[in-house]
Amino acid sequence: MSEETLRVRFAPSPTGYLHIGGARTCLFNWLYARKCAGELILRIEDTDLARSKKEFLDEILESIEWLGMDWDQIYYQSERFDIYHEYAKKLIDQGSAYKKEGAVFFKYNFDQVKIDDLIRGEIIFKELPKNEEVIIKSDNSPTYNFSCVIDDALMEINCIIRGEDHISNTPKQLLMYKALGFKTPQFAHVPLILSGQGGRLSKRFGATSIRQYRQEGYLSESIVNYLMLLGWSPGENREIISLSEAKEIFTMKAVNKTGAAFSLDKLNWINGEYIRQKTTEDFSDLIINYLKENNALPESIDKNYLNKLASLFKERTLRLSDLLTALKPYLNDEVIYSDEAKKILDNSLIKEVSFLRDSLDKIGDFNKEDIEKTFRKAAEDLNIKLKILVHPSRIALTGTKHGPGLFETIETLGKERVIKRLNKLIDYWSQKQ
RNA sequence: GACCCCAUCGUCUAGCCUGGUUCAGGACAUCGCCCUUUCACGGCGACGGCGCCGGUUCAAAUCCGGCUGGGGUCGCCA
Numbered sequence: 003m004s005e006e007t008l009r010v011r012f013a014p015s016p017t018g019y020l021h022i023g024g025a026r027t028c029l030f031n032w033l034y035a036r037k038c039a040g041e042l043i044l045r046i047e048d049t050d051l052a053r054s055k056k057e058f059l060d061e062i063l064e065s066i067e068w069l070g071m072d073w074d075q076i077y078y079q080s081e082r083f084d085i086y087h088e089y090a091k092k093l094i095d096q097g098s099a100y101k102k103e104g105a106v107f108f109k110y111n112f113d114q115v116k117i118d119d120l121i122r123g124e125i126i127f128k129e130l131p132k133n134e135e136v137i138i139k140s141d142n143s144p145t146y147n148f149s150c151v152i153d154d155a156l157m158e159i160n161c162i163i164r165g166e167d168h169i170s171n172t173p174k175q176l177l178m179y180k181a182l183g184f185k186t187p188q189f190a191h192v193p194l195i196l197s198g199q200g201g202r203l204s205k206r207f208g209a210t211s212i213r214q215y216r217q218e219g220y221l222s223e224s225i226v227n228y229l230m231l232l233g234w235s236p237g238e239n240r241e242i243i244s245l246s247e248a249k250e251i252f253t254m255k256a257v258n259k260t261g262a263a264f265s266l267d268k269l270n271w272i273n274g275e276y277i278r279q280k281t282t283e284d285f286s287d288l289i290i291n292y293l294k295e296n297n298a299l300p301e302s303i304d305k306n307y308l309n310k311l312a313s314l315f316k317e318r319t320l321r322l323s324d325l326l327t328a329l330k331p332y333l334n335d336e337v338i339y340s341d342e343a344k345k346i347l348d349n350s351l352i353k354e355v356s357f358l359r360d361s362l363d364k365i366g367d368f369n370k371e372d373i374e375k376t377f378r379k380a381a382e383d384l385n386i387k388l389k390i391l392v393h394p395s396r397i398a399l400t401g402t403k404h405g406p407g408l409f410e411t412i413e414t415l416g417k418e419r420v421i422k423r424l425n426k427l428i429d430y431w432s433q434k435q
């Protein structure tokens with residue numbers, strides 16, 4: 003006796019972009035399928051012809067792949083209307099369904115309906131709000147609950163992994179399985195993702211599509227990792243885990259029953275972790291692509307320079323989008339002093355900074371070690387603390403109070419830019435007097 | 001309202017199935033200290049939780065019941 007092959011499915015509706023919740027449902031399906039050497043079927047539920055759009059479909063497929071998942075088969079419900087009609091007729095013929103007002107209604111009686119749920123155990127419904135359900139609408143298209151049952155049965159899905167919001171759909175679907183004589187599948191209703199406030203995610207959250215997170219500079223590894231942690235735990239106090247590792251140790255039993263609130267803070271932290279794990283070269287490539295996508299990469303900037311920026315910012319970047327502003331002084335000629343920075347500039351140091359500028363100008367090989375030596379020597383000669391030179395210099399060069407180590411920053415920017423910017427600060431002070 | 005699901009730090013969770021080894025472990029966030037030219041990283045530390053009431057038991061976060069609270073569903077949407 004051979005074990006039955008696991009067959010699961012993810013069934014998105016192309017009436018919107020792939021959102022966080024859908025992505026996680028897909029993820030659990032994928033993890034379970036891969037862990038059990040089963041098959042993942044992608045079923046596009048495009049029965050609502052008016053609202054389904056190619057644009058959404060493309061985005062959904064693209065996002066699934068971008069996240070690092072794949073599928074074994076794909077079906078489109080819009081191509082299967084004949085099949086649904088055939089089974090509706092069967093139900094009518096056997097007296098379980100009837101036509102009314104141009105639609106087909108499935109009628110049912112029951113004592114109780116039992117759901118075999120891998121995550122929640124047995125769920126028993128003793129009452130349902132209705133005793134009939136539309137299965138074919140008056141425009142001849144099937145309803146969700148009907149096409150879903152027919153397809154899950156025909157595609158031999160033996161474990162249905164979906165959101166908890168579908169629990170209440172399950173009894174009527176099970177009744178249809180029974181009426182049609184189909185073998186009933188197992189279920190796994192995964193908890194919902196809630197907004198930070200505890201409510202439904204999609205309703206109060208703006209940024210819910212995977213595409214949007216991608217545009218904001220989140221890495222696919224981070225999103226997948228975070229989504230896995232929402233409702234599942236790899237154990238051993240692990241927080242950072244890759245898809246390929248997770249698919250080895252995933253179990254449905256370890257999936258929680260409780261809804262989980264989405265935390266941008268934690269996602270940001272995970273994204274930072276993945277960025278820090280990148281090699282400088284990889285991070286540099288990421289930056290290049292991101293800047294290009296946002297038309298923020300001047301042509302004069304070369305790869306070598308970007309590698310240096312990557313190493314400067316790897317430890318201090320949470321999202322690639324943060325770089326859009328942080329990198330401005332490095333990519334553009336103009337430096338704008340922030341309001342916060344201007345306060346430090348109240349104290350004019352024309353003499354000291356001029357001296358520093360002249361000292362720096364004399365350095366032959368502009369490297370951070372010699373730059374630091376020059377700074378220390380200048381401070382000593384001027385009989386002031388190093389800080390007194392460091393803070394205004396940083397502002398002169400980048401416009402802000404914060405940033406990477408100053409000496410590395412100076413080396414990266416190069417002598418020409420540095421001298422020019424120090425002169426600009428000196429001018430700024432002169433004009434204030 | 002009816003039906004269904006759920007309940008450990010502010011948030012995500014480990015522990016719960018197989019009660020004692022847990023005056024509950026980790027992570028994010030917050031706060032403090034260290035490192036340091038700033039920010040960040042890193043290190044160290046603090047804060048903070050088993051919703052409530054009963055029951056079972058020598059013993060309950062762990063088992064049972066009720067209550068309360070939160071969530072979901074009640075569309076010819078999916």
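Counting in our numbering, the first sequence runs without a single skipped number right up to 435 at its last residue.
Beta carbons: idealized from backbone N, C-alpha and C, even for Gly.
Just how far apart, CA to CA, sit Asn147 and Ile137? Taking the straight line joining both Cα atoms gives about 7 Å.
Helix or strand or just coil, what does DSSP make of Lys109? Strand at Lys109.
What are the complete alpha helix (DSSP H) segments, minimum 4 residues, inside the stretch 218 to 242? Entirely contained in the stretch 218 to 242, the alpha helix (DSSP H) runs reaching 4 residues are, in chain order, 222 to 231.
Hey, how far is the Cα of Asn309 from the Cα of Ile272? When only Cα atoms are considered, Asn309 and Ile272 end up about 23 Å apart.
Under 8 Å: do the stretch 3 to 15 and the stretch 207 to 225 share three or more Cβ pairs, one atom per stretch? The stretch 3 to 15 is not in contact with the stretch 207 to 225.
Looking at Leu288: is its Cβ nearer than 8 Å to the Cβ of Leu322? With contacts defined as CB atoms closer than 8 Å, Leu288 and Leu322 qualify as a contacting pair.
Would you mind giving the Cβ-Cβ distance between Ser356 and Lys379, rounded to the nearest angstrom? I have them listed as a contact below 8 Å. That belief does not hold up - the Cβ atoms of Ser356 and Lys379 are roughly 15 Å apart, past 8 Å.
What does Arg45 pair with, by DSSP beta-bridge criteria? According to DSSP, Arg45 bridges with Tyr77.
Which word fits Asp304, buried or exposed, when buried means at least 16 other C-beta atoms lie within 10 angstroms of its C-beta? Within 10 angstroms of the beta-carbon of Asp304 lie fewer than 16 other beta-carbons, which makes it exposed.
Got a sec, what are the start and stop residues for the beta strand (DSSP E) Glu374 sits in? Looking at the DSSP string, Glu374 is not in any beta strand (DSSP E); the run it does join, the alpha helix (DSSP H), is Lys370 to Leu384.
If you measure between the beta carbons of Leu42 and Ala52, is that distance less than 8 Å? Not closer than 8 Å, so no.
Could you check whether Ala262 and Leu311 sit closer than 8 Å to each other, using their CB atoms as the reference points? Not in contact: Leu311 and Ala262 (Cβ atoms no closer than 8 Å).
Grab the span of the beta strand (DSSP E) containing Ala1 for me, first residue to last. It is not possible to answer for residue 1, since the shown part of the chain is limited to 3 through 435.
Cβ-Cβ distance between Phe107 and Glu129 below 8 Å: Against a cut-off of 8 Å, the Cβ pair of Glu129 and Phe107 comes out as no contact.
Inter-residue Cα distance where the pair is Gln79 and Leu156: Each residue's Cα considered, the two are about 12 Å apart.
On a CA-only basis, which of Leu293, Lys353, Thr376 and Thr400 is nearest Ala343? Give me that one, please. It is Thr400 whose Cα lies nearest to the Cα of Ala343.
Can you name, in chain order, every residue of its own chain whose Cβ lies under 7 Å from the Cβ of Thr282, other than the five neighbours on each side? Cβ contact annotation for Thr282 (same chain, cutoff 7 Å, sequence separation greater than five): Asn309, Ala312, Ser313 and Lys316, in chain order.
Applying the 10 Å Cβ sphere with the 16-neighbour rule, what's the burial state of Glu241? It is exposed - the Cβ of Glu241 has fewer than 16 other Cβ atoms within 10 Å.
Determine the extent of the alpha helix (DSSP H) in which His168 is found, giving its start and end residues. Per DSSP, His168 lies in no alpha helix (DSSP H) segment and is marked neither H nor E.
Is it true that the CB of Gly18 sits closer than 8 Å to the CB of Lys195? Lys is not the amino acid found at residue 195; the sequence shown has Ile there. Cβ distance not < 8 Å, so Ile195 and Gly18 don't count as in contact.
Tell me whether Ser211 sits in a helix, a strand or coil according to DSSP, three-state version. Of the three classes helix, strand and coil, the one that applies to Ser211 here is strand, per DSSP.
Which of the three DSSP states, helix, strand or coil, is assigned to Lys205? Low local confidence applies: a pLDDT of 48 at Lys205 is under 50, so the model's placement there is unreliable, with the coordinate-based value given in what follows. Helix at Lys205.
Whole-number beta carbon distance between Leu69 and Ile225, since they are thought to touch under 8 Å: Cβ atoms of Ile225 and Leu69 come within 8 Å of each other, at about 7 Å.
Quick one: using the 10 Å Cβ neighbour count with 16 as the cut-off for buried, is Tyr228 buried or exposed? Counting Cβ neighbours within 10 Å, Tyr228 comes out buried, since at least 16 surround it.
In whole angstroms, give me the CA-to-CA distance for Val151 and Ser265. Those two C-alpha atoms are separated by around 35 Å.
Just to confirm, is the Cβ distance from Ile290 to Ala190 under 8 Å? No.
Whole angstroms are fine: how far does the CA of Ser246 sit from the CA of Ile365? As the crow flies, the alpha-carbon of Ile365 is around 50 Å from that of Ser246.
Can the beta-carbon of Pro193 be found less than 8 Å from the beta-carbon of Thr260? Yes.
Measuring straight from C-alpha to C-alpha, what distance separates Glu275 and Asp267? Each residue's Cα considered, the two are about 12 Å apart.
Using only alpha-carbon positions, find the residue among Thr402, Lys139 and Ile386 that is nearest to Ala105. Comparing Cα positions, the closest option is Lys139.
Sequence-distant residues of its chain with Cβ nearer than 7 Å to Lys301 (five each side left out): Residue identity check: residue 301 is Glu in the sequence provided, not Lys. There are no such residues.
Ser170 classed as buried or exposed, judged by whether at least 16 other C-beta atoms fall within 10 angstroms: Of the residues assessed, Ser170 falls on the exposed side of the cut-off, its CB having fewer than 16 other CB atoms within 10 angstroms.
For the stretch 59 to 76 against the stretch 89 to 106, are there 3 or more C-beta pairs whose distance is under 8 Å? Segments in contact, no.
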